[in-house]
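Engineer: In UniProt numbering, the protein residues as written are 1 to 151. For glycine and all other residues, C-beta sits at the position ideal for the given N, C-alpha and C. First, the structure itself, so that you have it in front of you.
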Amino acid sequence: MTERPFSISGELTEAGHRLVQRVYYEDTDFSGLVYHARYLHFLERGRTDYLRCLGVEQRELVSADEEGLVFVVHRVEIDFKSPARMDDVLTILTHTEKAGGAKMVLNQQIRSGETLLIAAKVIIAVINAKGRPRRLPETLAAKFLEGSTPL
């Protein structure tokens with residue numbers, strides 16, 4: 001049997017990025033269900049590891065040129081479809097819908113097996129190190145759009 005290398009940062013797929021996470025006690029509320037705000041943590045991990053798998057180091061971007069480049073969440077739309085429970089294994093999927101100008105639009109899903117738990121659209125603003133809007137460099141935009149098919 002051939003073993004696939006395992007990455008704690010997930011993997012790039014034809015549809016974007018896939019990250020697997022387990023639900024721990026700390027993620028749940030008194031009912032044993034995942035607390036609604038914790039889904040933001042799972043989505044953030046998915047986005048951060050998506051960048052990492054693309055070879056984009058956020059720490060380096062802030063000082064990569066005289067202006068610097070930073071990604072900040074501008075807007076999040078979340079549809080809660082079904083709850084997750086302690087010990088569930090979640091798959092966080094991230095797909096780039098748009099990358100260009102001074103923003104990116106990422107579609108994300110959280111699934112437990114085949115069950116869709118969360119569908120989210122995240123609008124990312126691109127700013128410089130001083131907090132002013134700046135254009136996403138075309139080479140970086142192309143990296144986000146390369147090989148990403150809709151979820």
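(1) By Cβ distance, which residues of its chain are closer than 6 Å to L54, with the 5 residues on each side in sequence left out?
(2) I want to know whether the segment 80–94 touches the segment 18–33 - three or more CB-CB distances under 8 Å.
(3) For D65 and A129, I'd like the C-alpha separation in whole angstroms.
(4) Tell me whether R85 is buried or exposed, calling it buried when 16 or more other Cβ atoms sit within 10 Å of its Cβ.
(5) To the nearest angstrom, how far is the alpha carbon of P133 from that of V56?
(6) Under DSSP, the alpha helix (DSSP H) around T48 begins and ends at which residues?
(7) Could you give the C-beta distance for A102 and V122, rounded to a whole number, given that I count them as a contact under 8 Å?
(8) Which class does K98 belong to by DSSP, given the choice of helix, strand or coil?
(9) Within a Cβ cutoff of 7 Å, which residues of the same chain sit near V73, ignoring the five residues on either side of it in sequence?
(10) With distances taken from CA atoms, which of S63, V70, T28, K81 is nearest E114?
(11) Since Q108 and L51 should fall inside the 8 Å C-beta cutoff, what is the C-beta to C-beta distance between them, to a whole number of angstroms?
(12) Would T94 and R47 qualify as a contact pair, given that the criterion is a beta-carbon distance under 9 Å?
(13) On the criterion of 16 or more Cβ atoms from any shown chain inside 10 Å, does D49 qualify as buried, or is it exposed?
(14) Going straight from the alpha carbon of L40 to that of E67, what length do you get?
Structural biologist: Here's the rundown:
(1) Numbered from its first residue, the sequence shown carries residue 54 at position 54. Beyond the five residues adjoining it in sequence on each side, L54 comes within less than 6 Å, by CB distance, of K143 in the same chain, given in chain order.
(2) Three or more Cβ pairs drawn from the segment 80–94 and the segment 18–33 lie within less than 8 Å of each other, which places the two stretches in contact.
(3) Locating residue 65 in the sequence shown gives position 65, counting from the first residue. Locating residue 129 in the sequence shown gives position 129, counting from the first residue. Cα to Cα, D65 sits roughly 10 Å from A129.
(4) By 1-based counting over the sequence shown, the position of residue 85 is 85. So R85 ends up on the exposed side.
(5) By one-based count along the sequence shown, residue 133 stands at place 133. By one-based count along the sequence shown, residue 56 stands at place 56. Roughly 19 Å between the two C-alpha positions.
(6) Locating residue 48 in the sequence shown gives position 48, where the first residue counts as 1. It spans 38–53 - the alpha helix (DSSP H) in which T48 sits, taken as one unbroken run.
(7) On the sequence shown, residue 102 is found 102 positions in, with the first residue counted as 1. On the sequence shown, residue 122 is found 122 positions in, with the first residue counted as 1. Not a contact, Cβ separation roughly 15 Å.
(8) The residue given as residue 98 occupies position 98 in the sequence shown. It is a strand residue.
(9) For this step, residue 73 is matched to residue 73 along the sequence shown. Closer than 7 Å at the Cβ level, and outside the excluded window around V73, lie V122, I124.
(10) On the sequence shown, residue 114 is found 114 positions in, with the first residue counted as 1. Per the Cα distances, K81.
(11) For this step, residue 108 is matched to residue 108 along the sequence shown. For this step, residue 51 is matched to residue 51 along the sequence shown. About 13 Å separates the two Cβ atoms, so there is no contact after all.
(12) Taking the sequence shown and counting its residues from 1, the one referred to as residue 94 is at position 94. Taking the sequence shown and counting its residues from 1, the one referred to as residue 47 is at position 47. The answer is yes: Cβ separation under 9 Å.
(13) As a position in the sequence shown, residue 49 is number 49, starting the count at 1. Taking a 10 Å sphere around the C-beta of D49, we find 16 or more other C-beta atoms and assign the residue as buried.
(14) Here residue 40 corresponds to residue number 40 of the sequence shown, with the count starting at 1. Here residue 67 corresponds to residue number 67 of the sequence shown, with the count starting at 1. Across the structure, L40 and E67 are spaced so that their CA atoms are roughly 29 Å apart.
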